[in-house]
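Below: the structure, in structure tokens.
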Amino acid sequence: MNVGESMNMIKIGDIELLLDRYYFTQERSHIWLMKGENQDGLFKMGFSPFLTRIAGFLSYITIDAGTLTQGAGMGQYESAKFVNRFFAPISGRVIQTNNVVLEDPRLVNTDPYGAWLVAIEPSNLQQEIESEFILTDAADIEAWAQGEMKLLEEQD
Amino acid sequence: MTLNLIKAGALPFPDSQLSYHAMARLGIQGLLLHSTSDRFLCLGSANDPKDELDLEFCKANDINIFRRDIGGGTVLLAPGQLFYTIVLDRSHPLMPRGQYAIFRKFLEPVVEALSSLGVNAYIRPTSDIVVNGRKLGGNGGGEIGECVVVAGGILLELDIELLSKCIQSPNEQFRLALLEGMRNGVTTFSSLPEDKPTMMELEDTLAKSFQKLMGPMTEMKLQGAITERMAELAPHYLAQETMFRKGMKVNGRVVKIREGHHMIKRELPMILTNTTSITQLGVQFEWKDGRLTGVVFDSPELQKHSAPLNGLIMERIQITDACRKLLTGVKLMNKPSIDAEVELPLASAFADVFILGLET
Numbered sequence: 009m010n011v012g013e014s015m016n017m018i019k020i021g022d023i024e025l026l027l028d029r030y031y032f033t034q035e036r037s038h039i040w041l042m043k044g045e046n047q048d049g050l051f052k053m054g055f056s057p058f059l060t061r062i063a064g065f066l067s068y069i070t071i072d073a074g075t076l077t078q079g080a081g082m083g084q085y086e087s088a089k090f091v092n093r094f095f096a097p098i099s100g101r102v103i104q105t106n107n108v109v110l111e112d113p114r115l116v117n118t119d120p121y122g123a124w125l126v127a128i129e130p131s132n133l134q135q136e137i138e139s140e141f142i143l144t145d146a147a148d149i150e151a152w153a154q155g156e157m158k159l160l161e162e163q164d
Numbered sequence: 002m003t004l005n006l007i008k009a010g011a012l013p014f015p016d017s018q019l020s021y022h023a024m025a026r027l028g029i030q031g032l033l034l035h036s037t038s039d040r041f042l043c044l045g046s047a048n049d050p051k052d053e054l055d056l057e058f059c060k061a062n063d064i065n066i067f068r069r070d071i072g073g074g075t076v077l078l079a080p081g082q083l084f085y086t087i088v089l090d091r092s093h094p095l096m097p098r099g100q101y102a103i104f105r106k107f108l109e110p111v112v113e114a115l116s117s118l119g120v121n122a123y124i125r126p127t128s129d130i131v132v133n134g135r136k137l138g139g140n141g142g143g144e145i146g147e148c149v150v151v152a153g154g155i156l157l158e159l160d161i162e163l164l165s166k167c168i169q170s171p172n173e174q175f176r177l178a179l180l181e182g183m184r185n186g187v188t189t190f191s192s193l194p195e196d197k198p199t200m201m202e203l204e205d206t207l208a209k210s211f212q213k214l215m216g217p218m219t220e221m222k223l224q225g226a227i228t229e230r231m232a233e234l235a236p237h238y239l240a241q242e243t244m245f246r247k248g249m250k251v252n253g254r255v256v257k258i259r260e261g262h263h264m265i266k267r268e269l270p271m272i273l274t275n276t277t278s279i280t281q282l283g284v285q286f287e288w289k290d291g292r293l294t295g296v297v298f299d300s301p302e303l304q305k306h307s308a309p310l311n312g313l314i315m316e317r318i319q320i321t322d323a324c325r326k327l328l329t330g331v332k333l334m335n336k337p338s339i340d341a342e343v344e345l346p347l348a349s350a351f352a353d354v355f356i357l358g359l360e361t
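Just so you know, the protein sequences line up as chains A and B, in that order.
When we follow my numbering, the leftmost residue of the first sequence carries the number 9, and every step to the right adds one.
When we follow my numbering, the leftmost residue of the second sequence carries the number 2, and every step to the right adds one.
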């Protein structure tokens, strides 16, 4: 397993994890969460490259919850004949969905960090960001990613 | 904890599908074996009936539609097929991570059961059960509630002609090509030289084989809490808004005949059609082990130049490059050749078609 780290990124094998965002790991999730560039308090979320490494090309994504509860189901994605659920990284309200990505889910495969899915207005951020399932620190992200990569390699 | 074995017999539409949706929501784990007394079309979660089906034909022929919550494509379910469905909690120790591993694990007992009936079957990734290169059964899966569901069927018989009429085709030529493709790509127990087992023999063999993997199971009936939940779920699954909710966006018609064999008709981007006279790309292609093994274009002119594609790895850059070679010098209608400035985007659009097949 090759591990590399630069100022803004950790590289585990062929997976690059940007450090300008958080990672939500509950229920085998591979979700990134990032404060939007505007000062509107919104957070964008998307899928990390680990997800596409496991699932392959995504063909369909649905978001079926407008009001989110941390850890509860918020949508599904399909790839290779299999529909997986995914879970809300934080509680709040979906303010915007990225319809470009929902119409062409392959963008998640080609640009996982650009292909955000929804913008969320958090309702309980201060408390929820402390969750053991939200990784904010580079060392924690690296340790988790190494564990995930080990699992993937064992499975391959 | 012992898992459950339900041998439900022939279930009518839509109980055939509601049964495992109910089991998963209730967390009732185990194996469901059943057939169906009705013929109906069962669509994957992402398949939009308006894009997939000839709805007028289905209506005129009393063929119902069910849109399940799990993945996979559109299938015609009918008497003469045996269905197996595994329902297990996401955190069950038998449940691997990722669908590729899930299909590998839970399709192995199907291959083993067929082997014990004298049929030399194998798994063609992602999830086809194949005999002599032809599909004998397909599978799909997904998460419902807290459970993972893997569902598949074995074809003892299949009315391929009927299926080809149910599927939306842009024209009769496409449908006939689809029918021929399906006849070459799909097989049934009835057309194999081996003795066709009875439904009960096949069911017993599958049950034994799955129990080797999943441990001895306790037989239970499809009744009580499961049938109550099925009744609760029925209005949702039979509602028009569930059936016809927006599905996966598909540009053109993509029909997967079996793993590794696609028929695609696709409109090309306007910017390209304005300058090339090609408006639609129609192609059938096959691949094996990630390589293109056969390409048949609708256009004879394209077909004549298709050699660079054969044997290629199904990878975007290589395919785009080969499509550029293919397009160089191709003469279509009054155009002497493809314009240089659209050669790359057109090649890229062609490559998209092949990559789309790989991803479907």
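From the three backbone atoms N, C-alpha and C, an ideal C-beta is built for every residue, glycine too.
Quick caveat: nothing in here was measured; it's all calculated off a predicted structure.
Are residue i and residue j touching if we call contact CB-CB under 9 Å?
i: Pro126 (chain B); j: Tyr85 (chain B); result: no
i: Phe107 (chain B); j: Ile87 (chain B); result: yes
i: Leu179 (chain B); j: Val256 (chain B); result: yes
i: Phe32 (chain A); j: Phe95 (chain A); result: yes
i: Thr77 (chain A); j: Val116 (chain A); result: no
i: Ile130 (chain B); j: Leu115 (chain B); result: yes
i: Val102 (chain A); j: Ile71 (chain A); result: yes
i: Ala153 (chain A); j: Ile23 (chain A); result: yes
i: Thr188 (chain B); j: Val132 (chain B); result: yes
i: Ile103 (chain B); j: Val151 (chain B); result: yes
i: Ser349 (chain B); j: Glu260 (chain B); result: no
i: Lys89 (chain A); j: Gly73 (chain B); result: yes
i: Met221 (chain B); j: Leu6 (chain B); result: yes
i: Glu136 (chain A); j: Ile142 (chain A); result: yes
i: Glu316 (chain B); j: Leu328 (chain B); result: no
i: Gln82 (chain B); j: Ile155 (chain B); result: yes
i: Glu35 (chain A); j: Arg98 (chain B); result: no
Would you please verify whether the beta carbon of residue i is less than 9 Å from any beta carbon of chain A?
i: Tyr238 (chain B); result: no
i: Ile272 (chain B); result: Unreliable positioning characterises Ile272 (chain B) in this predicted model, as indicated by a pLDDT of 49, which lies under 50. The coordinate reading is nonetheless provided below. It does not; no Cβ of chain A falls within 9 Å.
i: Ala348 (chain B); result: no
i: Arg267 (chain B); result: no
i: Tyr101 (chain B); result: yes
i: Asp70 (chain B); result: yes
i: Gly154 (chain B); result: no
i: Ser128 (chain B); result: yes
i: Phe104 (chain B); result: yes
i: Gly142 (chain B); result: yes
Since residue i is in the alpha helix (DSSP H), which residue starts that stretch and which ends it?
i: Leu6 (chain B); result: No alpha helix (DSSP H) holds Leu6 (chain B); the beta strand (DSSP E) holding it covers 4-12.
i: Met157 (chain A); result: 146-163
i: Leu303 (chain B); result: 301-305
i: Asp1 (chain B); result: This structure cannot speak to residue 1 (chain B), because chain B is shown only from 2 to 361.
i: Ile227 (chain B); result: 226-239
i: Leu203 (chain B); result: 200-215
i: Ile23 (chain A); result: That residue, Ile23 (chain A), is in no alpha helix (DSSP H); its beta strand (DSSP E) goes 23-26.
i: Leu44 (chain B); result: Taken as a continuous stretch (DSSP letters only), Leu44 (chain B) belongs to no alpha helix (DSSP H), being part of the beta strand (DSSP E) at 41-44.
i: Arg292 (chain B); result: Not the alpha helix (DSSP H): Arg292 (chain B) falls in the beta strand (DSSP E), residues 292-298.
i: Thr60 (chain A); result: 57-63
i: Thr368 (chain B); result: Residue coverage of chain B in this structure runs from 2 to 361, which leaves residue 368 (chain B) outside it and unanswerable.
i: Ile103 (chain B); result: 100-117
i: Leu56 (chain B); result: 56-61
Check whether the Cβ of residue i sits closer than 8 Å to any heavy atom of the ligand MG, and report yes or no.
i: Leu157 (chain B); result: In the structure shown, the ligand MG is absent, as is every other ligand, since no ligand is present at all.
Would you kindly report the start and end of the unbroken beta strand (DSSP E) that includes residue i?
i: Lys43 (chain A); result: 39-43
i: Arg267 (chain B); result: 262-268
i: Arg254 (chain B); result: 254-259
i: Phe286 (chain B); result: 281-289
i: Asp90 (chain B); result: 82-90
i: Phe32 (chain A); result: 30-32
i: Glu220 (chain B); result: 218-221
i: Lys19 (chain A); result: 17-20
Do we get a CB-CB distance below 9 Å when we pair residue i with the residues of chain B?
i: Ser87 (chain A); result: yes
i: Arg101 (chain A); result: no
i: Ile62 (chain A); result: yes
i: Asn106 (chain A); result: no
i: Glu138 (chain A); result: no
i: Phe90 (chain A); result: yes
i: Gln78 (chain A); result: no
> What are the complete alpha helix (DSSP H) segments, minimum 4 residues, inside the segment 84-129 of chain A?
Replying inline: 107-111, 114-118, all fully within the segment 84-129 of chain A.
> Whole alpha helix (DSSP H) runs in the segment 123-191 of chain B with 4 or more residues, listed along the chain?
Replying inline: As far as the segment 123-191 of chain B is concerned, its whole alpha helix (DSSP H) runs of at least 4 residues are 161-167, 173-186.
> What residue ranges within the segment 12-37 of chain B form continuous beta strand (DSSP E) runs of no fewer than 3 residues, ordered along the chain?
Replying inline: Counting only runs of 3 or more residues that sit fully inside the segment 12-37 of chain B, the beta strand (DSSP E) segments are 31-37, in chain order.
>> Three Cβ pairs or more, each shorter than 8 Å: is that satisfied between the segment 145-153 of chain B and the segment 26-40 of chain B?
In response: Segments in contact, yes.
> Are the segment 41-61 of chain B and the segment 160-170 of chain B in contact at 8 Å, needing three or more beta carbon pairs?
Replying inline: The count of Cβ pairs closer than 8 Å, one atom from the segment 41-61 of chain B and one from the segment 160-170 of chain B, reaches three, so the stretches are in contact.
> Does the segment 32-39 of chain B come within contact of the segment 47-58 of chain B, defined as at least 3 CB pairs closer than 8 Å?
Replying inline: No: the two stretches stay apart, fewer than three of their Cβ pairs being nearer than 8 Å.
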